[in-house]
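Residues in the sequence shown are numbered consecutively from 71, following the working numbering.
The beta carbon of each residue, even a glycine, is placed where N, CA and C say it ideally should be.
Being a predicted model, the structure only gives us computed values, none of them experimental.
Each remark here refers to the structure printed beneath this line.
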Amino acid sequence: MSDKNLTVVRLKKNREASVARHHPWVFSGAIDKLVGNVESGDLVRVVDSGNQLLGIGAYSASSQIRIRMLNFNGEDINRDFYAKKISHALTKRKSLLESPNRTACRLIYGESDQLPGLIVDKYQDTLVCQFLFAGIEPRKAEIVSILAEQSGCKNIFERSDTNSRDKEGLPQTTGVLWGAEPQLIRINENGMLFDVDVVAGQKTGFFLDQAENRQFVHKYSSGKNILNCFSYTGGFTVAALLGEANYVTSIDSSAPALELLQKNLGLNGINASKHTSLNGNVFHVLRDFQSSGRTFELIILDPPKFAENKNQVTKAARAYKDLALQACKLLSPGGMLVTFSCSGSIDMNLFQKITSDALLDAQRQGEIVHYLHQGQDHPIALEFPESQYLKGLACRVY
């Protein structure tokens, strides 16, 4: 469809600057006028207050993010457009895709790949997709066809069972989009083997964004007694034990995840006597460990998202602080705290302050050894700071 036939959305004069700088989100409060009729999923022509073209976006009637920009030049949005964007995303990740030691990675990371609301992860010959935006939903069949053609993968499975769909007025859904339903998929990540449940596991099955941080933990684990909190299926646990950790204790609230963790230990030839799994609430277990006098030389905190939006930041900050505080009480002098937040609403400056406050309350001192972030297959777009959601600190604690 030519952009000349699209509904025009005019922005307010004081709210157009971010889009002019290629930020891909237009919030409902930035819209001055709609010229024509528009429904969720429709393409729209976005103009500034002087009616100068800013680009083409897709509309969502239910979300506070009313429009997500697809381009900033007025290019027609058709199959060729999506084919070019997908091809570019795959080309950027060519070194990962060709590596025999990395058989799983993120192929498409939404706005950072100029495909808002689309997440695609590759596990061997299976793609797992999330369609998280009303504007990408009508193009699903077309996108699946392009992905099958360009990736050469046998199976494409949908995991659009997230709260993001609710905000878009879309039903949560999962199922086969191409090929057959995958079983457990065995992946290789830098020499570590993991079985991944892409059908029922968290997110798309595995936390691919932590791949490089698992290598960091591997490097610092030798000879240490380690506690891995929110362990899921054992990514950091396996990395630590293959890094010659003396002993690792893993805590998670999911019994099925811990069962898969045990299997992943076996896949990597790890002696089961060097590991213990605890099925429970991390906050409660940390306090129990304090009561029993347990100490550790390295503690990993990789909790789920505590803040879904800015309104939840204060509550989330308290949770992150309490978590770090309880962990610091268990660290031996000179031990290392590796702590993460995947809440996009909490930036690195705030996260660093939260961690500092926790150490202060624990009457400990610390220094930052390393800043941690999402891997290279989750690129951070300069014009879209929201793409940097995962942040972490490795701190030496005295």
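Residues near I206 in its chain [Cβ-Cβ closer than 6 Å; skip 5 each side]: G187, L188
Between the Cα of K289 and the Cα atoms of A310, R364, G239, T274, which residue gives the shortest distance? A310
Beta-carbon separation (whole angstroms), L278 vs D191, contact threshold 8 Å: 6 Å
Measure the Cβ-Cβ separation of L442 and L463 and say whether it is below 9 Å. yes
Are A387 and F276 touching if we call contact CB-CB under 9 Å? no
Flag this pair as yes or no: are the beta carbons of Q458 and I438 separated by less than 9 Å? no
Beta-carbon contacts of G261 that lie in its chain and below 8 Å, excluding the five residues immediately before and after: N171, L312
Enumerate, from N- to C-terminal direction, the unbroken alpha helix (DSSP H) stretches of 4 or more residues contained entirely within the segment 287 to 372. 305 to 312, 325 to 337, 352 to 362
Hey, how far is the Cα of A90 from the Cα of L395? 43 Å
Thinking just about the alpha-carbon of each residue, which of S165, D183, P94, A432 is nearest to the one in K391? A432
Does DSSP put Y152 in a helix, in a strand, or in coil? helix
Taking 8 Å as the cut-off, does the segment 215 to 235 touch the segment 107 to 123 (at least 3 CB pairs, one atom from each stretch)? no
Does DSSP classify M71 as helix, strand or coil? In this prediction, M71 scores a pLDDT of 49, lower than 50, which makes its location untrustworthy; the coordinate-derived value is nonetheless stated afterwards. Coil at M71, not helix or strand.
Does the separation of the CB atoms of V408 and C465 fall below 9 Å? yes
Nearest-angstrom Cα distance between V96 and T244? 28 Å
F227: first and last residue of the uninterrupted alpha helix (DSSP H) it sits in: First-last for F227: 225 to 230, but that is the beta strand (DSSP E), not the alpha helix (DSSP H).
With a floor of 3 residues, list each beta strand (DSSP E) that falls wholly inside the segment 387 to 456, ordered by position along the chain. 401 to 411, 436 to 443
Measure the C-alpha to C-alpha separation of K237 and G180 and round it to an integer number of angstroms. 17 Å
Drop a sphere of 10 angstroms on the beta-carbon of M71, count the other beta-carbons inside from all chains shown, and report buried for 16 or more, exposed for fewer. Caution is warranted here: a pLDDT of 49 is assigned to M71, below 50, making its placement in the model unreliable, and the coordinate value is therefore given only provisionally. Counting Cβ neighbours within 10 Å, M71 comes out exposed, since fewer than 16 surround it.
For the alpha helix (DSSP H) containing R235, list its first residue and its last residue. 233 to 237
F264 versus G99: straight-line alpha-carbon distance, rounded: 45 Å
When you compare the CB positions of P403 and K162, do they come within less than 9 Å of one another, or not? no
Determine the burial state of N298: buried for a count of at least 16 other Cβ atoms within 10 Å of its Cβ, exposed for fewer. buried
From what residue to what residue does the beta strand (DSSP E) around V467 run? 461 to 467
Could you check the C-alpha separation between K273 and R138 for me, to the nearest Å? 22 Å
What did DSSP end up calling A250 once you bin it into helix, strand or coil? coil
K210 - containing alpha helix (DSSP H), residue span: 210 to 221
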